[in-house]
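Below is one structure; the comments refer to it alone.
Protein chains in written order, with UniProt numbering: chain A, 1 to 393; chain B, 1 to 253.
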């Protein structure tokens with residue numbers, strides 16, 4: 001079984017590029033060039049240099065001793081929260097800004113939900129001196145004020161998405177419309193492993209540094225490159241894609257994908273796409289998405305803005321369908337409890353997205369000698385308001 | 001021969017009108033179609049509303065949101081259209097995004113189109129290569145013409161390919177934009193219109209996006225066989241009753 005993208009841009013039956021003709025020249029240019037650009041020695045050198053000196057990579061692989069003791073197993077945390085800007089998102093924006101420059105683009109657009117990808121995009125645009133426009137749902141702008149301020153300080157223009165439900169999916173629609181209106185000078189930095197081919201593969205490759213590092217770091221600490229499990233939370237799925245990438249074809253490594261169940265998978269307020277979704281087209285790719293019987297895309301719910309997306313990347317849809325990954329759904333309450341537990345056991349305040357991945361240890365039992373690597377995808381500073389309200393701190 | 005092909009053989013500049021099914025009210029569909037035909041419109045695009053219309057501007061998106069809220073679905077639309085051919089003779093095209101059609105079932109959708117007398121489809125996010133490989137024979141089985149878009153950025157080579165896969169007309173997007181975002185055509189548009197006219201394609205072209213009044217209609221049809229008006233008509237419907245449609249149509253030509 002192949003879990004990587006094929007030459008036509010598909011993961012099994014998922015993926016492809018279902019885009020209006022207006023986007024074809026841009027997406028086609030990217031498709032033709034992304035692999036060769038990424039293979040250029042200059043590109044590799046600049047990318048690696050920035051990841052090291054600017055982002056602060058490699059991110060530590062930390063053996064969480066007290067957490068491991070509590071659950072009687074061996075838990076390692078891949079510390080993407082220690083990256084510059086506080087999450088894994090920057091790995092991809094560094095890669096894509098270098099790509100955009102090599103394609104001769106001068107104007108950058110992005111969508112953002114909670115604002116993490118927006119901040120990571122605004123950051124690299126400031127770094128490279130490129131114009132930056134970030135689309136963000138009007139409702140998200142209101143509830144993520146600190147990140148809006150960060151983007152503005154970094155010189156980005158934040159444009160409210162006023163259409164539809166005024167959240168992430170609508171911000172993505174607006175970014176796509178901007179690209180239709182500005183087809184020549186603009187590159188669209190998609191923040192997750194979604195969108196038309198080659199985006200899911202390109203984003204996955206830029207994020208794959210996560211699993212590349214896990215391999216040698218685990219070798220140093222455990223004497224083996226392969227853990228028994230790799231675990232990551234999934235919204236669109238970029239941190240998960242990067243965490244799994246180098247283990248996809250290692251049959252002895254089990255993959256766990258953690259989705260947001262919101263108030264409960266059957267509550268009507270959920271973002272558990274692998275359970276609630278059906279095959280369809282969203283934002284240019286065929287994948288699993290939450291929709292009505294009539295094919296209208298519905299609004300998901302999660303306490304975590306980063307998991308609040310009605311689709312999932314096509315690679316993950318394929319991993320779900322083939323059974324290569326085990327999908328688990330974690331509720332708001334379970335995630336919040338696990339987040340607080342990590343604070344108290346390990347002195348790390350995780351992003352609420354990440355807290356979902358940590359919550360699996362209450363749900364299922366691992367063997368004492370199992371080695372489990374969890375992607376600690378982001379830090380919780382951005383979520384303080386939510387934590388404060390939830391725990392009445 | 002399909003009604004679209006027949007219409008294209010007429011020696012005239014075609015006026016095609018787009019409206020969103022279920023807008024402003026759920027049951028306006030038939031009245032709008034009849035009124036448009038009565039006032040001399042040549043062809044109609046019935047918009048099947050979608051929650052996330054990527055290629056459309058705010059006007060059409062807002063009408064789609066309203067139509068969905070009113071209860072429009074593929075099923076409802078086909079029910080409304082079931083007797084349309086008893087009263088209406090001009091070509092009817094359904095324009096909609098791919099996901100609702102995929103959920104209905106592409107073949108079932110095509111079959112239903114043929115049953116009610118739909119002549120063609122425009123599906124902006126179904127790329128020509130996917131259509132060519134996966135769906136062409138299904139469309140042909142049910143006598144449907146599929147219409148593809150080209151834009152000022154579409155390469156000549158790709159235009160030739162699209163021309164070879166098309167069997168009705170080519171939908172020329174007037175400029176790099178979503179629907180409803182233009183006011184008037186400039187030199188750049190004209191150069192593009194001329195370039196395409198000079199390619200001598202086997203399929204006639206109809207220009208859409210940015211046609212809103214008599215002036216832009218005349219400019220566009222100088223180089224193409226017809227033009228499509230969408231957002232401007234939706235705006236008209238939002239503050240005029242259906243029996244005033246004649247006022248809109250006569251203002252165009």
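Where a beta carbon is used, it is the ideal one built from N, C-alpha and C, also for glycine.
Between the CA atoms of residue j and residue i - distance to the nearest angstrom
i: residue 162 (chain B); j: residue 148 (chain B); result: 7 Å
i: residue 78 (chain A); j: residue 240 (chain A); result: 12 Å
i: residue 245 (chain A); j: residue 69 (chain B); result: 42 Å
i: residue 117 (chain A); j: residue 173 (chain B); result: 32 Å
i: residue 373 (chain A); j: residue 45 (chain A); result: 28 Å
i: residue 383 (chain A); j: residue 36 (chain A); result: 39 Å
i: residue 144 (chain A); j: residue 132 (chain A); result: 19 Å
i: residue 115 (chain A); j: residue 298 (chain A); result: 21 Å
i: residue 267 (chain A); j: residue 305 (chain A); result: 18 Å
i: residue 96 (chain A); j: residue 5 (chain A); result: 19 Å
i: residue 251 (chain B); j: residue 94 (chain B); result: 25 Å
i: residue 267 (chain B); j: residue 209 (chain B); result: In the structure displayed, chain B extends from 1 to 253; residue 267 (chain B) sits before or after that span and is not available.
i: residue 204 (chain B); j: residue 164 (chain B); result: 12 Å
i: residue 28 (chain B); j: residue 388 (chain A); result: 50 Å
i: residue 53 (chain A); j: residue 183 (chain B); result: 48 Å
i: residue 366 (chain A); j: residue 49 (chain A); result: 38 Å
i: residue 84 (chain A); j: residue 55 (chain A); result: 5 Å
i: residue 138 (chain A); j: residue 378 (chain A); result: 23 Å
i: residue 336 (chain A); j: residue 302 (chain A); result: 12 Å
Exposure of residue i, with buried meaning 16 or more beta-carbon neighbours within 10 Å
i: residue 217 (chain A); result: buried
i: residue 30 (chain A); result: buried
i: residue 291 (chain A); result: buried
i: residue 184 (chain A); result: exposed
i: residue 187 (chain A); result: buried
i: residue 318 (chain A); result: buried
i: residue 66 (chain A); result: exposed
i: residue 198 (chain A); result: buried
i: residue 166 (chain A); result: buried
i: residue 391 (chain A); result: exposed
i: residue 344 (chain A); result: exposed
i: residue 273 (chain A); result: buried
i: residue 71 (chain B); result: exposed
Best match in the options for proximity to residue i [C-alpha to C-alpha]
i: residue 296 (chain A); options: B:139, B:44, B:20 and B:50; result: B:50
i: residue 282 (chain A); options: B:61, B:235, B:99 and B:159; result: B:99
i: residue 358 (chain A); options: A:279, A:330, A:367 and A:161; result: A:330
i: residue 197 (chain B); options: B:171, B:212 and B:215; result: B:171
i: residue 310 (chain A); options: A:261, A:11 and A:44; result: A:261
i: residue 48 (chain B); options: B:38, B:30, B:22 and B:56; result: B:22
i: residue 153 (chain B); options: B:164, B:177 and B:131; result: B:177
i: residue 227 (chain A); options: A:321, A:50, A:71 and A:61; result: A:61
i: residue 111 (chain A); options: A:249, A:72, A:148 and A:215; result: A:148
i: residue 190 (chain A); options: A:177, A:215 and A:92; result: A:92
i: residue 130 (chain A); options: A:101, A:136 and A:153; result: A:101
i: residue 346 (chain A); options: A:376, A:325 and A:366; result: A:376
i: residue 288 (chain A); options: A:14, A:256 and A:386; result: A:14
i: residue 222 (chain A); options: A:371, A:68, A:2 and A:11; result: A:371
i: residue 250 (chain A); options: A:264, A:258, A:224 and A:275; result: A:224
i: residue 322 (chain A); options: A:20, A:40 and A:255; result: A:255
i: residue 57 (chain A); options: A:104, A:340, A:88 and A:181; result: A:88
i: residue 146 (chain B); options: B:180, B:181 and B:124; result: B:124
i: residue 8 (chain A); options: A:32, A:163, A:73 and A:85; result: A:32
i: residue 180 (chain A); options: A:27, A:388, A:338 and A:379; result: A:27
i: residue 157 (chain A); options: A:164, A:124, A:109 and A:176; result: A:109
i: residue 158 (chain B); options: A:324, A:22 and A:378; result: A:22
i: residue 215 (chain A); options: A:201, A:195 and A:248; result: A:248
i: residue 226 (chain B); options: B:119, B:214, B:108 and B:1; result: B:214
i: residue 284 (chain A); options: B:55, B:44 and B:212; result: B:55
i: residue 169 (chain B); options: B:140, B:207, B:77 and B:30; result: B:207
i: residue 41 (chain A); options: A:90, A:98 and A:300; result: A:98
Whole-Å CB distance - residue i paired with residue j, under 8 Å assumed
i: residue 19 (chain B); j: residue 4 (chain B); result: Between residue 4 (chain B) and residue 19 (chain B) the Cβ distance is about 18 Å, and since that is not below 8 Å, they are no contact.
i: residue 314 (chain A); j: residue 286 (chain A); result: 7 Å
i: residue 230 (chain A); j: residue 253 (chain A); result: 6 Å
i: residue 242 (chain A); j: residue 208 (chain A); result: 5 Å
i: residue 116 (chain B); j: residue 84 (chain B); result: 6 Å
i: residue 136 (chain A); j: residue 161 (chain A); result: 6 Å
i: residue 74 (chain B); j: residue 109 (chain B); result: 7 Å
Jot down the residue ranges of each uninterrupted alpha helix (DSSP H) in the region 88-136 of chain B, minimum 4 residues, whole runs only, in chain order. 98-104 and 106-116
| field | Secondary structure, beta strand (DSSP E): runs of 3+ residues fully inside the region 165-206 of chain A | value | 186-189
In chain order, which beta strand (DSSP E) runs of at least 3 residues are fully inside the region 23-105 of chain A?
-> 61-63 and 74-78
4-residue-minimum alpha helix (DSSP H) runs that sit fully inside the region 226-312 of chain A, ordered along the chain: 238-244 and 273-276
Inside the region 173-199 of chain B only - alpha helix (DSSP H) runs reaching at least 4 residues: 187-197
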